[in-house]
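Taking it in order: structure first as structure tokens, then the write-up.
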Ligand code: MBD
Ligand code: FE
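Numbering (the numbering used here), first residue to last: 231 to 514.
So, in structure tokens, the structure goes:
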């Protein structure tokens with residue numbers, strides 16, 4: 231059964247679909263690259279900081295029980311991928327970025343689906359006949375850190391629609407909509423036609439949304455394109471690109487924006503918005 235067979239009609243269902251997707255993409259057996267020693271060290275440090283917060287803020291029994299109830303609900307609602315990618319992944323990405331040259335990365339988030347349609351270097355992402363949103367052309371070149379074009383580099387791209395919904399994680403959107411793997415030409419060039427996505431709102435009817443509301447934060451991410459750019463012999467770059475002047479750009483709930491990742495699309499004579507962005511990959 232695929233994820234898209236079980237899309238829930240509620241906004242919070244996107245969390246549950248993200249949990250299924252995460253599980254489906256994990257290797258079976260012991261997780262690779264995770265040692266028992268590190269579990270002891272890191273979990274100890276996390277628990278120590280929880281204990282410190284309890285002491286510093288004089289956390290009470292009713293508060294402890296409320297926290298336990300909420301944690302159970304996050305699991306039952308399948309919102310752990312959503313919660314962890316929104317509130318934790320950006321720091322993991324920062325640490326990982328310290329050892330990688332080339333284009334800036336950003337977080338993967340919960341809505342990546344592997345195995346999408348492969349498309350030529352000049353292509354339109356699969357879209358509905360009446361797809362809403364301003365037409366957008368996204369073009370550029372993939373090069374190595376010495377400036378040489380990388381022929382046949384893949385741009386695995388996915389983004390929300392003009393209502394802020396992702397195919398595979400919201401009802402009524404065709405499978406694979408606004409997703410694709412664009413294969414760059416022999417000069418590493420690509421030109422992708424799509425539509426401008428809307429900002430993304432964390433579902434307000436689930437436990438993550440209720441926490442955000444209760445804490446008085448906002449549930450928004452600025453509009454963004456997701457990309458994984460890859461080529462054999464190079465370290466893949468997982469990133470996101472944002473839009474100049476976009477709402478929530480300076481207060482992303484997921485803390486995943488960087489100044490280098492902001493596009494400035496210009497209107498072309500044909501009325502479509504166009505943005506250029508080049509990627510640089512680091513050798514493995
Ligand atoms: C998103 O669309 C997203 O990109 C992240 C990181 C978290 C939640 C929703
Ligand atoms: Fe996203």
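Idealized CB from N, CA, C, for every residue including glycine.
For clarity, every value in this text was computed on a predicted model and none was experimentally measured.
- Shortest gap from the CB of residue 340 to any heavy atom of the ligand MBD: under 7 angstroms.
- For residue 421, the beta-bridge partners assigned by DSSP are 352 and 369.
- According to DSSP, residue 455 shares a beta bridge with 389 and 471.
- Its chain contains 449 as the residues whose beta carbon lies nearer than 6 angstroms to that of residue 442, once the 5 sequence neighbours on both sides are disregarded; these appear in chain order.
- Take the alpha-carbon of residue 393 and the one of residue 429: they are about 8 angstroms apart.
- With a contact defined as Cβ atoms closer than 8 angstroms, residue 387 and residue 457 qualify at about 5 angstroms.
- Going by DSSP, residue 343 is part of no alpha helix (DSSP H) at all; its letter is neither H nor E.
- In chain order, 425, 426 and 503 place their CB closer than 7 angstroms to the CB of residue 364, counting only its own chain and leaving out the 5 sequence neighbours on each side.
- At a Cβ-Cβ threshold of 8 angstroms, residue 357 and residue 408 count as neighbours.
- For residue 506, there is no enclosing alpha helix (DSSP H); the residue is part of the beta strand (DSSP E) that begins and ends at 503–506.
- Looking at 281, 305 and 306, the one whose alpha-carbon comes closest to that of residue 294 is 281.
- At least one heavy atom of the ligand MBD lies less than 7 angstroms from the C-beta of residue 456.
- The alpha-carbon separation between residue 368 and residue 351 amounts to approximately 11 angstroms.
- In the same chain as residue 312, and ignoring 5 residues on each side of it, the C-beta atoms closer than 6 angstroms to its own belong to 245, 248, 340 and 438, in chain order.
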